[in-house]
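Using our numbering, you'd call the opening residue of the sequence shown number 22 and step up by one each time. Read the structure below first, then the notes.
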Amino acid sequence: MTRQDSITQVTGPFNEDLEMIRDQLRRFIETEVTAKAEPWEEEGMVPRDVLRRMGDLGVLGMRYDEQYGGAGLDVMSSVVLAEEVGRSTFGGFSATVLVHTDMASPHLENAGTPEQKARWMPSITSGEMITAVAVTEPGAGSDVAGMRTRAVRDGSDWVLNGTKMFITNGVHGDLYFVGAKTDPDAKGSRGITMFAVEKGTPGFSVGRALNKTGWLCSDTAELIFEDVRIPAENVLGEVNRGFYSVMKNFQNERIVLGAMACAEAQTALDMTVDYVKQRRAFGGVLWDKQAVRQRLADCQTRIAAGRQLVYHAAGLDAAGGDCVKEVSMVKAYCGELVNSVLYDCVQFHGGMGYMRETPVERMSRDARVQAIGGGASEVMLEEVAKRM
């Protein structure tokens with residue numbers, strides 16, 4: 022079985038329309054991303070014209086209403102998108118796209134007023150406006166309850182002060198959905214409000230672009246808010262109930278991260294199988310060695326299990342079921358899976374697996390954050406444990 026055949030044979034709950042979207046996406050990514058993205062790693066960003074052309078394809082707003090340029094599809098369309106960008110071999114490209122489509126802009130979809138959606142959503146689905154979500158802070162990480170950024174009401178405005186950290190699309194984004202504490206007396210994660218903050222708002226700046234180990238073509242930033250005046254019409258959802266908006270989208274975010282991780286693992290594994298079937302050593306090829314074959318077969322088995330876990334959780338989510346436990350399993354399992362598989366893939370590439378010229382080396386660096394971002398594995402396993 023060739024590498025192409027292996028990746029193409031996806032067994033999942035996808036209808037004909039979604040498979041057509043998959044085919045269209047695959048052609049675009051193979052010709053316009055995988056073949057061209059090496060310089061993006063040095064530039065530290067995905068070119069905006071690439072994102073706009075993805076908007077022209079109609080894949081940046083598949084979950085949103087048709088009146089805003091969307092297609093009104095469900096979470097399975099996000100799974101298809103995540104799988105196909107995951108195949109690109111450039112984790113930074115995947116992160117740029119999926120943060121925009123499935124981690125940031127859903128805050129507008131879930132909590133925005135009709136006026137807010139009419140104002141911003143058409144530009145979001147077209148790729149003219151790229152979004153970011155700014156919740157994580159220095160020293161807080163996954164602990165939303167530890168948020169220190171504050172917003173105080175002043176007449177018809179809110180005045181925002183604080184710092185956000187590790188914000189994907191933070192350097193080159195256009196619209197930021199920012200969480201801030203609006204009730205200082207509220208305990209824990211209560212008393213948080215989400216605000217829509219546009220690039221160029223006085224007092225809002227990029228503190229610095231962050232230099233990461235992987236995801237190099239994804240721009241990541243520290244954001245600084247110094248007496249940023251935000252009009253009341255930019256409040257997203259209910260005041261003091263922003264935490265529930267954040268939690269609502271966590272399920273979607275973790276499903277797409279799981280789908281992306283499985284696709285990355287499958288792509289790296291297929292590359293490795295091709296390599297060991299050609300790499301000559303000890304009078305034959307590496308594939309002749311039982312230990313090599315069985316270890317890679319074990320990788321394939323675990324990837325298949327991860328993919329089915331993703332599909333199961335996505336199906337529950339699409340049906341409106343309670344799936345916090347299943348989605349937490351997805352994030353914990355798939356984040357660790359892609360790291361484990363990439364470790365083996367580098368190992369069986371030998372010295373070439375440690376060279377910057379090979380996709381597997383880049384993918385191994387990109388994979389590391391999958392067990393951290395979007396909910397660390399340990400946090401996810403606690404969510405599972407609570408429900409056992």
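We put the beta carbon where it would ideally sit given N, CA and C, even for glycine.
Q. Taking Cβ to Cβ, would you say Ile188 is nearer than 9 Å to Gly200?
A. The criterion of a C-beta distance shorter than 9 Å is not satisfied by Ile188 and Gly200.
**Q.** Pick from Gly183, Val101 and Glu259 that is closest to Gly133, judged by C-alpha positions
**A.** Relative to Gly133, the option among Gly183, Val101 and Glu259 whose CA is nearest is Glu259.
Q) With DSSP run on the structure shown, which of helix, strand or coil describes Thr23? A) Residue placement at Thr23 is flagged as unreliable, the pLDDT there being 42, under the threshold of 50; the coordinate-derived value follows with that caveat. Thr23 falls in the coil class under three-state DSSP.
Q: Evaluate Pro127 with the Cβ neighbour count: other Cβ atoms within 10 Å of its Cβ, from every protein chain shown; 16 or more gives buried, anything less gives exposed.
A: Counting Cβ neighbours within 10 Å, Pro127 comes out buried, since at least 16 surround it.
(Q) Let me make sure I understand the geometry here. Which of Ile42, Ile151 and Asp70 has the alpha-carbon closest to that of Val54? (A) For the residues Ile42, Ile151 and Asp70, the minimum Cα distance to Val54 belongs to Asp70.
Q | Own chain residues within Cβ distance below 8 Å of Ile50, not counting five before or after | A | Here the set comprises Glu105, Val106, Arg108 and Ser109.
Q. Going straight from the alpha carbon of Ser177 to that of Ala153, what length do you get?
A. When only Cα atoms are considered, Ser177 and Ala153 end up about 25 Å apart.
Q: State buried or exposed for Phe264, treating a residue as buried only when at least 16 other CB atoms are found within 10 Å of its CB.
A: When all chains shown are included, Phe264 counts as buried.
(Q) I need the boundaries of the beta strand (DSSP E) containing Trp179, first residue and last residue. (A) Unbroken beta strand (DSSP E) run through Trp179: Asp178 to Thr189.
Q: State whether the segment 332 to 345 contacts the segment 265 to 273, with contact taken as three or more CB pairs (one from each stretch) at a distance under 8 Å.
A: Touching, yes, given that three or more Cβ pairs across the two stretches are closer than 8 Å.
Q) Under 9 Å between the Cβ atoms of Ala253 and Val362? A) For the pair Ala253 and Val362, the CB atoms are not nearer than the 9 Å cut-off.
Q. In the structure shown, what three-state DSSP assignment does Pro34 receive?
A. Pro34 sits in coil when the DSSP states are folded into three classes, being neither helix nor strand.
**Q.** Beta-carbon proximity list for Thr234, same chain, < 6 Å, skipping 5 on both sides
**A.** Around Thr234: Arg386.
Q.
Suppose you measure from the CA of Ala335 to the CA of Ile276; what does that come to, to the nearest Å?
A. Roughly 7 Å between the two C-alpha positions.
Q: Would you mind sorting Thr241 into buried or exposed? The rule is 16 or more other CB atoms within 10 Å of its CB.
A: Here Thr241 is buried: its Cβ has 16 or more other Cβ atoms, across all protein chains shown, within 10 Å.
(Q) Helix, strand or coil, according to DSSP, for Ser147 in the structure here? (A) DSSP places Ser147 in helix when its eight states are reduced to three.
Q.
Whole angstroms are fine: how far does the CA of Asp309 sit from the CA of Val297?
A. One alpha carbon belongs to Val297, the other to Asp309, and they sit about 9 Å apart.
Q. Are the beta-carbon atoms belonging to Arg73 and Glu149 less than 9 Å from one another?
A. Yes; because the gap between Cβ atoms is below 9 Å, this pair is in contact.
**Q.** Gly183 versus Arg171: straight-line alpha-carbon distance, rounded
**A.** Going from the Cα of Gly183 to the Cα of Arg171 covers about 6 Å.
Q. Quick one: complete alpha helix (DSSP H) runs, 4+ long, within the segment 373 to 399?
A. With a minimum length of 4 residues, the continuous alpha helix (DSSP H) runs that stay inside the segment 373 to 399 are 380 to 388.
Q | Glu357 Cβ short of 8 Å to the ligand ZN heavy atom set | A | In the structure on display, the ligand ZN does not appear, and there are no ligands present to speak of.
**Q.** Selection from Gln287, Val348 and Ser349 that minimises the alpha carbon distance to Asp365
**A.** The residue with the shortest Cα to Cα distance from Asp365 is Gln287.
Q) What is the DSSP secondary structure of Lys310, reduced to helix, strand or coil? A) The answer is coil: DSSP assigns Lys310 none of H, G, I, E or B.
(Q) Suppose you measure from the CA of Ile324 to the CA of Leu278; what does that come to, to the nearest Å? (A) Leu278 has its alpha-carbon roughly 14 Å from the corresponding atom of Ile324.
Q | For Gln299 and Met22, the rounded distance between their alpha carbons | A | Low confidence applies to Met22: its pLDDT is 37, below 50, so where it sits in the model is not reliable enough to give any reading.
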